[in-house]
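Since the structure comes first, as structure tokens, the remarks are kept for the end.
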Amino acid sequence: MNTKEHMVDLFIHDLRSPLSIAASGVKNLLEKSERYGSLTKQQKLTLERTLRNIRKSQTLVQEMVELLLSEEKLFKREPFDLTRALKESLLEAMETILPDEAEKFSRANSEEEFQRMLESHRISLELTGRYCTSPFCHDPNKVEQILRNLISNALKYRRSRMAVTIFGEDDLFISVEDDGPGIPLGKEGAIFERFSPFNEKKRTEFPGLGLGLIGVKALIKAMGGEIRFVSLKDAGTCFTIRIPAFPPVNENERMKKPVLDGKRVLAVDDEPDVLAVLEEEILGSCPECKIDKATTFSEAEKLLRSKDYDIVILDIMGVRGFDLLELAVSRNFRVAMLTSHALSSEALKRSFHLKARSYLPKEKLGEIVPFLEDVLTNEYLPGWNRLYEKLKVYFNGKFGADWEKKTGLDWHEWTKSN
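In terms of my numbering, the sequence shown is residues 9 to 426.
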């Protein structure tokens with residue numbers, strides 16, 4: 009990864025935490041009137057519009073994350089339902105192109121009502137072949153991103169009709185067709201170019217379109233697939249893509265529970281919004297996890313002395329995190345330090361020497377679960393080496409490439425000697 013790519017990577021990940029906190033705050037205002045007070049109709053509409061736009065920003069950031077992961081050949085491998093993925097991708101695409109209609113579609117009370125609405129909008133969704141009844145094994149996030157962007161493209165260019173067909177027996181094929189003006193002669197290659205006039209015209213008309221066809225092509229290439237299209241002037245365009253299936257997940261893998269399921273977690277931070285995001289991220293991946301929360305030193309101290317925990321997540325500033333770390337370690341709890349204001353190589357070093365198991369920046373809130381799984385599945389030194397493997401580039405970007413030398417540390421010697 010070169011310097012420019014590294015800076016883009018840092019920028020993308022730095023956006024995730026504030027967006028998650030903003031979304032959580034707006035959602036609380038909308039849903040917890042008993043705590044924050046009732047809203048006027050105009051206030052409710054304004055907050056709903058704000059939340060929609062935060063969600064769009066989160067989607068765009070997630071799309072960039074998925075692209076970065078695909079470039080590193082990092083894919084999930086799990087079976088998932090294409091019918092559900094297709095429906096959700098359509099609704100997410102409509103949020104950008106037809107927000108008012110998307111709201112109506114999302115409120116459909118039955119599958120029959122949903123189908124009637126599709127017909128009235130001249131939208132056809134068809135799923136045939138093996139994956140009509142069997143799950144498809146691949147990375148669901150990336151497949152949904154491809155679907156969402158192809159559907160968005162068709163919705164913005166169609167005159168009145170759009171059709172999505174998914175088929176295949178082994179490899180997955182997705183065909184998305186519209187009845188729009190078609191691609192101008194000689195401009196076929198421009199649809200996959202950044203900042204081409206052909207793409208920018210529609211981007212101005214429909215802001216917030218995500219990474220579009222450029223992102224689709226990059227993802228499909230990384231997935232070992234292919235994309236083709238046929239376009240006729242004034243007769244529309246049809247994109248067809250092929251995605252090779254991953255080998256099916258074996259029974260042992262499928263039955264394996266998430267590492268955090270059934271575990272008891274204590275999260276301590278003086279910012280309630282951070283705790284809300286932590287809870288959302290952990291329970292979203294591991295619904296069987298049990299979480300206690302504390303916003304003050306005294307609350308956390310009482311819980312640490314009276315209960316047992318599999319893992320403790322501690323902020324450093326505001327709650328005397330290092331004091332709580334010593335108490336938690338004395339009770340043989342595994343501890344992950346989580347910070348933003350106190351993010352420094354010296355704080356990292358101190359966390360290590362006080363026997364914390366991990367040291368995480370709050371920018372990683374949106375991907376906290378894999379780090380917590382590492383804390384639970386690795387012993388002390390192997391766990392720190394695992395963290396270093398994952399965050400070396402990040403730490404170099406934050407602390408400077410010579411941060412180990414400045415703090416008198418050589419990572420490998422440091423971990424060997426402790």
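Built from N, CA and C at the ideal position, the CB exists for glycine as well.
- For S128, there are no CB contacts under 7 Å within the same chain when 5 residues up- and downstream are skipped.
- Relative to the Cα of M325, the nearest Cα in the group A336, K315, T347, L333 belongs to T347.
- The distance from the Cβ of I228 to that of I199 is about 14 Å, inconsistent with a contact at the 8 Å cut-off.
- Restricting attention to alpha helix (DSSP H) runs no shorter than 4 residues, the region 315 to 377 encloses them at 329 to 338, 353 to 361, ordered along the chain.
- Boundaries of the beta strand (DSSP E) around M170: 170 to 175.
- Judged by their CB atoms, L332 and E309 are nearer to each other than the 8 Å cut-off.
- DSSP places C246 in the strand class (E or B) of the three-state scheme.
- Membership of F200 in any beta strand (DSSP E) is not indicated, and neither H nor E is assigned to it by DSSP.
- Taking 8 Å as the cut-off, the Cβ atoms of F254 and V184 do not count as close.
- The beta carbon of D277 is closer than 6 Å to those of L283, D323 in its chain, skipping five residues each way along the sequence.
- Contact between L37 and S65 is ruled out by a C-beta separation of about 18 Å, above the 8 Å threshold.
- For D300, the uninterrupted beta strand (DSSP E) segment begins and ends at 298 to 302.
- For A275, the enclosing beta strand (DSSP E) has its first and last residue at 272 to 276.
- Judged by DSSP in its simplified three-state form, D186 adopts strand.
- For R236, the three-state secondary structure derived from DSSP is strand.
- Assignment of S142 by DSSP, reduced to helix, strand and coil, places it in the coil class.
- Put simply, the region 264 to 275 touches the region 312 to 322. At least three CB pairs are less than 8 Å apart.
- Bridge partners of F379 according to DSSP: none are assigned.
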